[in-house]
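Protein chains in written order, with this note's numbering: chain A, 543 to 931; chain B, -16 to 639.
Glycine included, each C-beta is placed from N, C-alpha and C at the ideal position.
The next block holds one structure in the form of structure tokens; read it before the comments.
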């Protein structure tokens, strides 16, 4: 009469009870692994904090000058290279000394002012100055030379206007374009907003790959998997519990990192819905964990699994869009980005935290991640089941 | 010991005094001393963790130690340089099947490599290789890569590589563990032959107490200490006492009554075996009778105690002297199980292939409720594969089977819910406590709510884990861990229990405790128990045995019936004590007796017509001027049975 539904219910109940028992076990084990706990705290808190101090901006770059003119103008030009971007490194006596400083990395830039610089300026003649930049770090080199161009250009036009007798009042009659740009989402363009978010999402990726893979490989290494396989647990249950337990840990870590480091130290605004952010993180963790479990199926021990995680992690980071936007990628790699789950996660992470974007904007990324997630996770489950056949 | 040396009197080859080895805080060997005379086979016997390997490595000069003195060939091994000087004259084979060999190299390449390592010239090499490979019957497999050899062959190849530079002293760490009985017998044969021909001295460790008779002198070790030392007979003499065998109905009632008085009581199949230290064989039967008042006692007889009995008695003495109270006797709940006597496990022509290789070949057997059924065989014989198929984690290539009323091909999930399983390696969570492990497995098996606490309490009592309930498993000794594994497998009250080599590496007292529980489960709760083992002595406890070799069941009967059949087919085992033993051995070989083998200072051989053969032996030895001490007829061991069946099977195959 009512028997079949009740047995179905009780079987479902049993299924959940088994899942719960195993998840609790995973959490207890993790709680006793002090080394792993230390690694988790380090990555979510200190590593993210350190990333907030990494700057991709020009900061106290040393500029030396080889001043052959020694005039008021040459000095004024030199002193326009000021903090916080530049730091004046003094004068060198000849051009070769300047090059030597560049070679040794003791200066980033050499400003070479020719003799008769001021005289020619006053005469209204065009004058050249030479700027030599160390571009071995392309970002810094690029920034230094473009700032230098700006400073020298500004100096030139100031000199020109002065010579034309343009005063504050008559300036209005000169045809000038004023640059009135507005910077959105990160108005002060602080790296301490951009970098720690990027690092946090990377840490989530590492953890989501590593923790389930490690937990699964450890069962193999210690032989405990055998006991589980003879029990009524199905491979899917064994696998799910690892993903669930590790997702809980990752969400807790992410929460702590958001609250203590991003909000507490760097005052990142968190414009969007945190609920949405955690939902997306959960989806992402599941997806990546599928990959981690796949890794666990083909490795025999923790060392092998770690190697494979690094192998998978590197391309995931390159293809994430955090370092290079998709537009800047060659077309083949651009396509590859669409199968990197981190690409969608970063898109949504920045969207939610900095731009305050909601589902109406991010739905396509979410859909992409969900589809990719289902594919990767199913593949992981399939392989995990198959390894025991 | 008052015995003349086997070869010639000389100062000891190895002398160890108060040896101490620590691994950080962990004491591995705590004050061991021993002396090994030239030309003898010296044994170190003890379970895992006894300190055998540490001691052997120190003697081989590959392990630094904390205290005491080690002298080899009269040289103190106290520095790297000293160790290097003696290394040339000794050979060392570490523990593990073929771990010192290179799996990708062929048999011959492995031998050549070791010869080069030891600077053996090409002519000598060719000569020795020829001889050693022939002796080990590996010459047919010269070109085969080492990884494709069986466990026994790997071990023999390891021995060849250790012997290629003709060392004066060979140190072999557990060379026979997990090796099939025929290879094991070959192994001992080679060793005694080397001893006879070249006067080689050997230090050999083993976890099998039944190999003790092979040694001239031995040390029994446990937990870093030497418990007893001397010739096997002398150690037996240290613990005088009486060993009785009897049948009593009901067995469990008798077992419990006797255990209360004599802790060294155990059930062996249908029989009970009682060792009474200090008792005289004359009065002992009366004492036992008195305890069993009101029970039906039959076949009560006095037999010769074995080394294991002495070892366990010494252990008990040591523990009492150390102020350690003996573990409380099990206080088992006498719950009445359903008296079903049906077939619990049935295997019909099970086969399993791995690629080209047939791991299990047409295996059939039945296990009834309340029966302890043993699968006995070497590593790689197919035991574990059979269990994996029956427990539903590996589909068979062919054949069928049923377990606990469910068809193994279709109802794998139902089987998993109905059985208990203890796996080969310890496979519980060491970072959880005893209680947490029990809870986890109870919940996995669907024990919940009120029943959970009750079920856990039941198995805690059954396995005697009450004192350890809150401890982390990583801190528990091996014997208790295995009982926990058993408790986890029993927490849902299964009617069928699978045990895959559950007692490997457990000390003898721990093993007996474990078997006490199994006997209770089978006799009182009528649980069907399928157990695999490579301990021949342990197999004696089973009600029924299937001997497995190379994927097949080659014999299937009760241990007693297997032995009787052997005696009828091949004759009786005679043990001959004579002086000097080597001359006696040679005489017996020349006279054409079948396979005489040296066991320590004694010789075993098979006699088809015991009475006539005994007379022949007396005459023969008298004629050769060898002093005969005694001839004792022995009950064949299960190893004898096993070796006979394997060789018989091989002969049949050759004929076919």
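Check                                                                                                                                                                                          : Outcome
So if I threshold CB-CB distances at 8 Å, which residues from the segment 415 to 442 of chain B count as touching chain A?                                                                     : 415, 419, 422, 423, 424, 426, 427, 428, 429, 431
Going by beta carbon distance, what residues of the same chain come within less than 7 Å of residue 681 of chain A, once the five residues before and after it are set aside?                  : 598
Can you give me the C-alpha to C-alpha distance between residue 833 of chain A and residue 569 of chain A, rounded to a whole angstrom?                                                        : 21 Å
Could you work out which residues of chain B lie near residue 773 of chain A, taking near to mean beta carbons separated by less than 9 Å?                                                     : 399, 400, 404, 424, 427, 428
So, do the segment 811 to 827 of chain A and the segment 715 to 724 of chain A have three or more beta carbon pairs nearer to each other than 8 Å?                                             : no
Residue 831 of chain A to residue 800 of chain A, Cα distance in whole Å?                                                                                                                      : 21 Å
Run through DSSP, which three-state label would residue 627 of chain B get?                                                                                                                    : helix
If contacts are defined as beta-carbon pairs under 8 Å, then residue 624 of chain B and residue 549 of chain B qualify, I think. What distance do you get, rounded to the angstrom?            : 5 Å
Please confirm whether residue 292 of chain B and residue 247 of chain B have their CB atoms less than 8 Å apart.                                                                              : yes
Along the chain, which unbroken stretches of the beta strand (DSSP E) at least 3 residues long are found entirely within the segment 390 to 472 of chain B?                                    : 402 to 405
Chain A partners of residue 396 of chain B, CB-CB under 9 Å?                                                                                                                                   : 774, 776
What do you reckon, is the C-beta of residue 17 of chain B under 7 Å from a heavy atom of the ligand NAP?                                                                                      : Because no ligand of any kind appears in the structure shown, any question about the ligand NAP cannot be addressed here.
Using the C-alpha atoms, what's the distance from residue 369 of chain B back to residue 508 of chain B?                                                                                       : 25 Å
Going by DSSP in three states, residue 813 of chain A sits in which element: helix, strand or coil?                                                                                            : coil
Go through its chain and collect everything with a Cβ distance to residue 210 of chain B's Cβ below 6 Å, but skip five positions before and after it.                                          : 203, 297
Is any beta-carbon of chain A found at less than 8 Å from that of residue 411 of chain B?                                                                                                      : yes
Among B:124, B:68, B:55, B:143, which has the Cα closest to the Cα of residue 98 of chain B?                                                                                                   : B:143
Excluding the 5 residues flanking residue 406 of chain B on each side, which residues of the same chain have their C-beta closer than 7 Å to its C-beta?                                       : 483
Could you list which residues in chain B have their beta carbon closer than 7 Å to that of residue 768 of chain A, in chain order?                                                             : 406, 410
How big is the Cα-Cα spacing for residue 357 of chain B and residue 40 of chain B?                                                                                                             : 35 Å
Closer than 8 Å, CB to CB, is residue 545 of chain A near chain B or not?                                                                                                                      : Confidence is the limiting factor: at residue 545 of chain A the pLDDT is only 40, short of 50, which leaves the residue's position unreliable, though a coordinate-based value still follows. So no, residue 545 of chain A is outside the interface.
Could you please give the first and the last residue of the uninterrupted beta strand (DSSP E) stretch that includes residue 357 of chain B?                                                   : 355 to 359
Assign residue 611 of chain A to buried or exposed, taking buried as 16 or more other Cβ atoms, counted over all protein chains shown, within 10 Å of its Cβ.                                  : buried
Starting from residue 745 of chain A, trace the alpha helix (DSSP H) both ways and give me its first and last residue.                                                                         : 733 to 763
If we ignore side chains and look at the alpha-carbon of each, how far apart do residue 660 of chain A and residue 691 of chain A end up?                                                      : 19 Å
Using a Cβ cut-off of 7 Å, which residues of the segment 372 to 389 of chain B contact any Cβ in chain A, in chain order?                                                                      : 374, 376
Leaving aside the five residues before and after residue 552 of chain A along the sequence, list all residues of the same chain whose C-beta is less than 8 Å from its C-beta, in chain order. : none
Take the Cβ of residue 239 of chain B as the centre, count every other Cβ of all protein chains shown within 10 Å, and call the residue buried at 16 or more, exposed below.                   : buried
According to DSSP, which residues form a beta bridge with residue 189 of chain B?                                                                                                              : B:28
With a Cβ-Cβ cutoff of 8 Å, do residue 189 of chain B and residue 359 of chain B count as a contact?                                                                                           : no
Taking only beta-carbon positions, decide if residue -15 of chain B is within less than 8 Å of chain A.                                                                                        : Note that residue -15 of chain B has pLDDT 44, beneath the 50 cutoff, so the model's placement of it is unreliable and the number below is only indicative. Not an interface residue.
Residue 147 of chain B by DSSP, collapsed to three states: which one?                                                                                                                          : coil
Under 8 Å between the Cβ atoms of residue 170 of chain B and residue 25 of chain B?                                                                                                            : no
With the cut-off set at 8 Å, would you say residue 851 of chain A and residue 916 of chain A are in Cβ contact?                                                                                : no
Determine the chain B residues that contact residue 567 of chain A at a beta-carbon separation under 8 Å, and present them in chain order.                                                     : 412, 415, 419, 423
Are residue 256 of chain B and residue 228 of chain B close, meaning C-beta to C-beta below 8 Å?                                                                                               : yes
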